[in-house]
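J.: Quick note on our numbering: the sequence shown kicks off at 458 and runs consecutively. Quick reminder that beta carbons are idealized off the backbone N, C-alpha and C, glycines included. All of these numbers come straight from a predicted model, not from anything done at the bench.
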Amino acid sequence: MSSLHEEVLPESLPSNPMQTADEWFRLANRERLQPNPDAMVIATAGTDGRPSARVVLCKKFVPHPGFIVFFTNYASRKATEMENRPEVAAVFHWDLLRRQMRIEGHVVRSPADESDEYFASRSWQSRVGAWASRQSRRVADRPALLRQVAETAQRFGVDFRDGRFVDVDTPPVVDRPPFWGGYRLWVSRLELWVEGEGRVHDRALWERQLTRDPDGEVVTGPWTATRLQP
C-alpha cells in the first residue's frame with residue numbers, strides 16, 4: 458500500500474479524467490479498507506438556497522459518457538431539492554488510500570429499467586422497507602414508525618416484529634414503488650486529490666459543458682484540465 462501513498466497525479470494530465478476516476482472507484486471497492494467504499498456525500502440546495510448534505514451509496518460508475526448512479530425515495534428532501542435545483546455536488550473520501558474525488562454536475566432521473574433492475578437486486582426486506590418509509594417525513598415516535606413498517610409487511614404477506622422482519626421460506630414478490638428510483642449525476646466538474654507530505658497535496662481539476670438536445674438527452678462537451686494548488 459505504500460506505493461499508493463507515495464503516488465502523485467501524472468505530470469501530463471489525461472484529457473478525459475473519468476477513466477482514472479473509475480479506476481480509483483474500482484480500487485477502493487476492491488481493497489475495501491472501509492465498510493462502504495462506495496459511500497459519497499451528496500450536497501443539494503433548497504429553493505431558498507439553504508444547503509443540505511447526506512451520505513448515499515454510488516451504485517454505478519459509468520466512465521463513458523461520464524455519470525454516476527445512486528438511488529433514493531423520490532419524495533425525500535434530497536430528491537425534492539434535486540428536482541427543483543438539479544445542480545449538485547458529491548464527494549468520495551477514501552481516507553486509508555489518501556485519495557479524494559470531488560464531483561459537480563447535473564442530475565436526471567434514471568431510466569425505469571435501471572431503477573427496476575437495481576431494486577430487484579436488493580433483499581426482500583429492503584424492498585418492503587422502501588415501501589414502508591415515507592422518507593424525510595416527520596413521525597410521532599419510533600413505535601409509530603415500527604407499526605407503519607409492520608402494516609406494510611402484512612400487505613406483502615410477511616411479518617415484522619420487535620423491529621425485525623421474520624424469516625420466510627419463500628420471499629415475497631415486491632416490485633419497485635413508483636416513488637422510488639435512481640438518479641444519474643452527469644459530471645461537469647471533477648477534481649482528483651492525492652494526499653501529500655506536509656499537506657502539499659496533488660490536485661487536478663477537469664471541467665466540461667453539459668447541454669440538453671431537443672429530446673432532453675444530455676450532451677457532453679470536451680474536457681479541459683488544470684492543476685490546483687493544495
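(1) Could you give the uninterrupted runs of the beta strand (DSSP E) lying entirely in the region 619 to 654, keeping only those of 3 residues or more?
(2) State the CB to CB distance for the pair L466 and V651, rounded to an integer number of angstroms; the pair is presumed to be in contact (CB under 8 Å).
(3) What number of angstroms, rounded off, separates the C-alpha of V519 from the C-alpha of M475?
(4) On a CA-only basis, which of F622, Q491, H550 and I525 is nearest G639? Give me that one, please.
(5) Output the distance between the C-alpha atoms of N530 and P568, rounded to the nearest integer angstrom.
(6) Tell me whether D552 sits in a helix, a strand or coil according to DSSP, three-state version.
(7) Could you work out which residue in R511, Q491 and R542 is closest to D505 when comparing CA atoms only?
(8) Is it buried or exposed, V512, if we count other Cβ atoms within 10 angstroms and call 16 or more buried?
(9) Using a Cβ-Cβ cutoff of less than 7 Å, which residues in the same chain neighbour K517 once the five nearest sequence positions on both sides are dropped?
(10) Alpha carbon to alpha carbon, how far is V545 from D626?
(11) Taking only the alpha-carbon atoms, compute the straight-line gap between G620 and L603 and give it to the nearest angstrom.
(12) Could you tell me the boundaries of the beta strand (DSSP E) in which L662 lies?
(13) So the candidates are V630, F549, K535 and V565; which of them puts its Cα closest to the Cα of F576?
(14) What residue from P635, Q611, W581 and A547 has the CA that sits closest to D570's CA?
(15) Under 7 Å Cβ to Cβ from V657, same chain only, skipping five residues before and after it: list those, please.
(16) Looking at C-alpha atoms only, which residue of R660, R646 and R669 is the closest neighbour of T681?
(17) Given this structure, state the Cα-to-Cα distance separating L490 from Q557, to the nearest angstrom.
(18) Report yes if the CB atom of I560 is closer than 8 Å to the CB atom of L685, and no otherwise.
(19) If you draw a straight line from the alpha carbon of V675 to that of V564, how long is it in whole angstroms?
(20) DSSP on P492, reduced to helix/strand/coil?
(21) So is V596 buried or exposed if we call it buried at 16+ other beta carbons inside 10 Å?
(22) Could you tell me which whole beta strand (DSSP E) segments of length 3 or greater appear in the region 533 to 618?
(23) Please classify Q666: is it buried, with 16 or more other beta-carbons within 10 angstroms of its beta-carbon, or exposed?
T.: With the structure as the only source:
(1) 637 to 651
(2) 6 Å
(3) 8 Å
(4) I525
(5) Using only the alpha carbons, I get a separation of about 15 Å.
(6) coil
(7) R542
(8) exposed
(9) I525 and V526
(10) Cα to Cα, the separation comes out at about 43 Å.
(11) Computed Cα separation, rounded: 6 Å.
(12) It spans D659 to E664 - the beta strand (DSSP E) in which L662 sits, taken as one unbroken run.
(13) V630
(14) Measuring from the Cα of D570, the nearest candidate turns out to be P635.
(15) P687
(16) R646
(17) 14 Å
(18) no
(19) 10 Å
(20) coil
(21) Answer is exposed; the Cβ neighbour count stays below 16.
(22) 544 to 551 and 556 to 566
(23) Q666 comes out exposed.
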